[in-house]
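Read the sequence shown against this note's numbering and you will find it ends at 221, with the numbers running on by one and no gaps.
C-beta: ideal position from N, C-alpha, C; glycine also.
Note that the structure is predicted; figures quoted are calculated from it, not measured.
What follows is one structure encoded as structure tokens, with my remarks underneath.
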Amino acid sequence: MRALTIVIGTLFSMTAALAAQAAEAPKVTVAPVFSTDTTVTGQKIEVPANPHVAVSLATFPPGAALAVHKHPYPHYVYVLEGTLTVTNTETGKVFDVPAGGFLVEMTDTWHFGKNNGAAPVKLLVIDQLPPGTTSNVIVK
């Protein structure tokens, strides 16, 4: 009987210790960054059926700019560092997206991005496109 009492006491102590450890474990936090169903120009986002997802990192040295281009499929940009300046060449509208900013780029609209700052601009870019296609169409 004494052995059973020792086993039960030990199990109770272990359970209490595990519960205390679980209560002290760090908790995962989730902070929303951005939510939308439209592009920066107000177009509805239309994801192709069975999309291929491509994720890349882009770095713009100071003064660097992309060629004028458009995206036929959803193109998402999160600015990790610096400030990206985007120019819509069809409307002439220019806007800045600072570090921590998220951008759903315009679809089928000619535009370009540039780093007007003194430090590099670093972007996390996500594309959803049909397999075998490209995310950019460049002005020729």
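Query, Result
"Taking 8 Å as the limit between beta carbons, can you name the residues of its chain near VAL149, skipping five residues before and five after?", "THR170, TRP191, HIS192, PHE193, ILE219, VAL220"
"Taking all protein chains shown into account, do 16 or more other C-beta atoms lie within 10 angstroms of the C-beta of THR120, making it buried, or fewer, making it exposed?", "buried"
"Would you list the residues sitting across from VAL149 in a DSSP beta bridge?", "Answer is none; VAL149 lacks a bridge partner."
"Between the alpha carbons of ALA146 and ALA104, how many angstroms are there, rounded?", "50 Å"
"Considering LYS195, what are the terminal residues of the beta strand (DSSP E) in which it resides?", "192-195"
"Looking at LEU184: is its Cβ nearer than 7 Å to the Cβ of VAL206?", "no"
"Reducing DSSP to helix, strand and coil, say where THR117 ends up.", "coil"
"When burial is assigned at 16 or more other CB atoms within 10 Å of the CB, is PRO155 buried or exposed?", "buried"
"Distance check for PHE176 and PRO166, CA to CA, integer angstroms please.", "The sequence given here has Thr at residue 166, not Pro. Distance between the alpha carbons of THR166 and PHE176 is about 6 Å."
"Tell whether a beta-carbon distance below 7 Å holds between LYS203 and GLU162.", "yes"
"Rounded to the nearest angstrom, what separates GLY173 and VAL111 at their Cα positions?", "37 Å"
"Round the Cβ separation of VAL178 and VAL160 to the nearest angstrom and send it over; I've been treating them as touching at under 8 Å.", "5 Å"
"Tell me, which residues are paired with LEU139 by DSSP?", "The amino acid at residue 139 is misidentified as Leu; the sequence shows Ala. Per DSSP, LEU204."
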